[in-house]
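In my numbering, the protein residues as written are 561 to 1003.
C-beta: ideal position from N, C-alpha, C; glycine also.
Spelled out as structure tokens, the structure:
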């Protein structure tokens, strides 16, 4: 084979002799009007290679798949190809009128006027970005709401010392500041009332000028979590103030006063103050813990029941048991409550439980016990409370102890015995229990 024939064979295999048509691509047949004729394929060029026997047999059939790059200078054929930042020669940009109108690009003459319609699933896909459209009211409220900033710790103005202990002098200084701030608060309230009246007069006059409160009133309302609106709300067009604590709109200063005096706003304000105070409490150190332990031990010693007090109460129970056993056969009287568990205070009552046999009637047993206690000179001020949820008999001893006698209160006796067992396991349980009871009585 001659070199010229070999060169022609290579060019034919590479598609360089097809007039711009890539190997495997099938040009569309042209109809009488010059447009593509649907459903008919052109036969295309003949077999590649020089005519005559070459000694290699018949040429291989062409592949039916579309060309990977398309004709040079023509429109890019559809297919999942990488995105190009700049359009290639002959390619119609996305924002052109042809692309917007029918979605098809004009074909190049070399491509046989073939329409450049993107195939399903072709790349690049159209991005369907749906941004979240917020209402005007939400946007206004977002602008009006400022991010909550954590307040500075209370120790900012405190005297710097080697420890973080709050001294008595600091507490006295804070108390003096609070007393001095009370008259100022009243002055601001008077000024607030005056400016509210001025605002009402301006609104009645229907002038174009809006009333602007003073800086003192703005600071006073900011302390009540009420701030002026930066932008008007579409839902509340007359509102000029917004409460960030309750998320409530107010029209004028008078409405602001009604709102911050409302029960719900006051409750939320107190809750917010407690949360802020607890958040800024310093972490306890060893000195704090030692002081707390000493305080709890002092409360238990001064307010709790001592061993002698418990013995006296046990003696009262034994005395009532001996008295009632003579008149009610088979009955027993036992302690329960704080006098048994040891968690009571010195001022606690003596709780007594009357146990009777199954063959006795409860109401008759209570009436008999009331009669016996009333006739006994050892007990004073005997009175019945049979209409209560738990019928009891109340009386006083000659030593001044208040006693309550109930009937078959077995569940309370079991609870008191369990607390007594806890005390025997760890004495600190009683210390904490007595401290909580004393705190509850004080509060």
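Have a look at residue i and residue j and give me their C-alpha separation to the nearest angstrom.
| i | j | result |
| --- | --- | --- |
| residue 953 | residue 899 | 17 Å |
| residue 796 | residue 760 | 19 Å |
| residue 818 | residue 922 | 58 Å |
| residue 861 | residue 839 | 32 Å |
| residue 769 | residue 775 | 18 Å |
| residue 929 | residue 909 | 19 Å |
| residue 766 | residue 828 | 36 Å |
| residue 894 | residue 986 | 25 Å |
| residue 960 | residue 920 | 32 Å |
| residue 965 | residue 911 | 6 Å |
| residue 746 | residue 853 | 42 Å |
| residue 951 | residue 916 | 15 Å |
| residue 1001 | residue 837 | 24 Å |
| residue 846 | residue 973 | 39 Å |
| residue 782 | residue 822 | 16 Å |
| residue 949 | residue 981 | 29 Å |
| residue 881 | residue 890 | 11 Å |
| residue 947 | residue 934 | 19 Å |
| residue 815 | residue 831 | 22 Å |
| residue 926 | residue 868 | 30 Å |
| residue 843 | residue 850 | 14 Å |
| residue 789 | residue 777 | 15 Å |
| residue 939 | residue 970 | 25 Å |
| residue 907 | residue 1003 | 16 Å |
| residue 773 | residue 841 | 36 Å |
| residue 859 | residue 874 | 23 Å |
| residue 833 | residue 885 | 59 Å |
| residue 820 | residue 794 | 23 Å |
| residue 963 | residue 955 | 5 Å |
| residue 751 | residue 744 | 10 Å |
| residue 559 | residue 798 | Coverage of the chain is limited to positions 561 through 1003, which leaves residue 559 absent and any answer about it impossible. |
| residue 753 | residue 835 | 30 Å |
| residue 918 | residue 924 | 13 Å |
| residue 570 | residue 562 | 13 Å |
| residue 945 | residue 855 | 39 Å |
| residue 937 | residue 879 | 12 Å |
| residue 848 | residue 758 | 53 Å |
| residue 872 | residue 892 | 18 Å |
| residue 808 | residue 870 | 57 Å |
So what does DSSP say about residue i, is it helix, strand or coil?
| i | result |
| --- | --- |
| residue 1003 | coil |
| residue 964 | strand |
| residue 791 | coil |
| residue 808 | strand |
| residue 752 | helix |
| residue 852 | helix |
| residue 905 | strand |
| residue 935 | helix |
| residue 771 | coil |
| residue 840 | coil |
| residue 987 | helix |
| residue 920 | coil |
| residue 872 | helix |
| residue 980 | helix |
| residue 797 | coil |
| residue 566 | helix |
| residue 929 | helix |
| residue 761 | helix |
| residue 821 | coil |
| residue 858 | helix |
| residue 766 | coil |
I'd like to check one pair, residue j with residue i: are the Cβ atoms closer than 7 Å?
| i | j | result |
| --- | --- | --- |
| residue 785 | residue 803 | yes |
| residue 994 | residue 897 | no |
| residue 763 | residue 813 | no |
| residue 914 | residue 978 | no |
| residue 997 | residue 905 | yes |
| residue 748 | residue 771 | no |
| residue 544 | residue 887 | Outside the shown range of the chain, which is 561 to 1003, sits residue 544, and nothing can be said about it. |
| residue 999 | residue 902 | no |
| residue 791 | residue 806 | no |
Looking only at DSSP bridge pairs, what is residue i linked to?
| i | result |
| --- | --- |
| residue 954 | 943 and 964 |
| residue 893 | 914 |
| residue 786 | 803 |
| residue 993 | Per DSSP, none; premise fails for residue 993. |
| residue 864 | 905 |
Hey, residue i and residue j are a contact pair by Cβ (cut 8 Å); roughly how many whole angstroms apart?
| i | j | result |
| --- | --- | --- |
| residue 991 | residue 857 | 7 Å |
| residue 958 | residue 876 | 10 Å between Cβ atoms; not a contact. |
Examine chain D for any beta-carbon lying closer than 7 Å to the beta-carbon of residue i, and answer yes or no.
| i | result |
| --- | --- |
| residue 875 | Absent here is chain D; the protein component of the structure consists of one chain. |
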